[in-house]
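Asker: Okay, here's the structure, questions in a sec.
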Amino acid sequence: MENEVSTWRFKGNEKLNEASCISIRGILSTVRQSLNNEDSRPIVPLGHGDPTASPCFRTTTAALDAMVDAVRSGNYNNYCPSPLGHFPARRAIAEYLARDLPYKLSPENVFITFGSKQAAEYIIAVLARPNANILVPRPGYPGYASQAVSHNFEEVDLQAVESLADHNTVAMVIINPGNPCGNVYTRHHLFKVAETARKLGIMVIADEVYGHITFGEKAFVPMGAFASIVPVITLGSMSKRWLVPGWRLGWLITNDPNGILAKTGVVESIESYTKVTCEPATLNQPRL
Ligand SMILES: *Cc1c(COP(=O)(O)O)cnc(C)c1O
1 MENEVSTWRF KGNEKLNEAS CISIRGILST VRQSLNNEDS RPIVPLGHGD PTASPCFRTT
61 TAALDAMVDA VRSGNYNNYC PSPLGHFPAR RAIAEYLARD LPYKLSPENV FITFGSKQAA
121 EYIIAVLARP NANILVPRPG YPGYASQAVS HNFEEVDLQA VESLADHNTV AMVIINPGNP
181 CGNVYTRHHL FKVAETARKL GIMVIADEVY GHITFGEKAF VPMGAFASIV PVITLGSMSK
241 RWLVPGWRLG WLITNDPNGI LAKTGVVESI ESYTKVTCEP ATLNQPRL
């Protein structure tokens, strides 16, 4: 009797199990479990968006050499001096992203994370409060992807966004260029997104992991270009464009030329969260 569940005071967290079922990894593991092991046909890995699954996608030797040199130098075995990231790396990322922006981005706008997935975790932790909600895109959610592709669903339905938003809505997420549909929003459409968010009083969280990876005519425009209308949190990483998802180098950017994220305490909360969670890895940060 002493091994009955009821005799123990602890138990697992069911909310985590719920969340894992709707994550990409959760869905993939369900798919894998249903694969027939005796079937020897090769499996094409389309699920996880890992470019390294294809041998033709390899990062540049310059990046590999820098990583090898860093390992051999013995200078990068330390904890990162700041939980916000290594300052030269933050500066390099700010300079790189500012090329596409109409205003200056400073290293203080850059927070280095374990991939953009952790950057998303940062901003969700910061915005979380009882009843708060965030509008997320569909397509973007696996169950609706195939439907969306077949209907050429390309732009955010801004009327729907307005009707879905309520007084507890704090942010809307856009994924541009989009995964899974590959849609690329025009400059004019991003302007409209900014205006809608401004009207609703919510921030825009822009997942730009695929920034500059576009097929077709439309050029990539960062959402941050409209940050003078509405504050924008940009999430990005080296994972897809530089073909190194396992390096786990990502960033969260505060695009906020009017200082609204500072005034509303969001910047301070992001900084606080970096102290609560673990600091970024040292080895993978660009050394300039
Ligand atoms: C791959 C992917 C991510 C997560 O990438 P990281 O490796 O954590 O930077 C986030 N958003 C989209 C749309 C992705 O495809």
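Read in full-length UniProt numbering, the sequence shown has 59 at position 59, and its numbers run on one by one without any break. For glycine and all other residues, C-beta sits at the position ideal for the given N, C-alpha and C. Remember, predicted model here, so these are calculated numbers, not experimental data.
Run the proximity test for N75: is its beta-carbon closer than 6 angstroms to any non-hydrogen atom belonging to ligand 1?
Answerer: Result no, Cβ not under 6 angstroms from ligand 1.
Asker: Would a C-beta distance cut-off of 7 angstroms place A262 and I229 closer than the cut-off?
Answerer: Result no, Cβ atoms of A262 and I229 do not sit closer than 7 angstroms.
Asker: Ends of the alpha helix (DSSP H) at L64?
Answerer: Here the alpha helix (DSSP H) through L64 covers 61 to 73.
Asker: What beta strand (DSSP E) runs, 3 residues minimum, are completely inside the stretch 162 to 224?
Answerer: Listed in chain order, the complete beta strand (DSSP E) runs (minimum 3 residues) inside the stretch 162 to 224 are 169 to 175, 203 to 207.
Asker: Check whether the Cβ of I175 lies closer than 6 angstroms to any heavy atom of ligand 1, and answer yes or no.
Answerer: Yes.
Asker: Going along the chain, which residues of its own chain have a beta-carbon closer than 7 angstroms to the beta-carbon of S106, five neighbours each way excluded?
Answerer: Excluding positions up to five away in sequence, the list reads A94.
Asker: Roughly how far, in whole angstroms, is the beta-carbon of L158 from the beta-carbon of T186, given that I think they are within contact range, below 8 angstroms?
Answerer: L158 to T186, Cβ: 13 angstroms. No contact.
Asker: Just to confirm my understanding: we take F220, look at its own chain, exclude 5 residues before and 5 after, and list those with CB closer than 7 angstroms. What are they?
Answerer: Within the same chain, F220 has close Cβ partners P177, V184, G211, H212, T214.
Asker: Is G47 near L35, with beta carbons less than 7 angstroms apart?
Answerer: It is not a contact, given that the beta carbons lie outside the stated cut-off.
Asker: For V68 and V173, I'd like the C-alpha separation in whole angstroms.
Answerer: Rounded to the nearest angstrom, the two C-alpha atoms are 37 angstroms apart.
Asker: Between the Cα of V170 and those of H189, L190, V126, spot the shortest distance and give me the residue it belongs to.
Answerer: Of the candidates H189, L190, V126, the one whose C-alpha sits nearest the C-alpha of V170 is V126.
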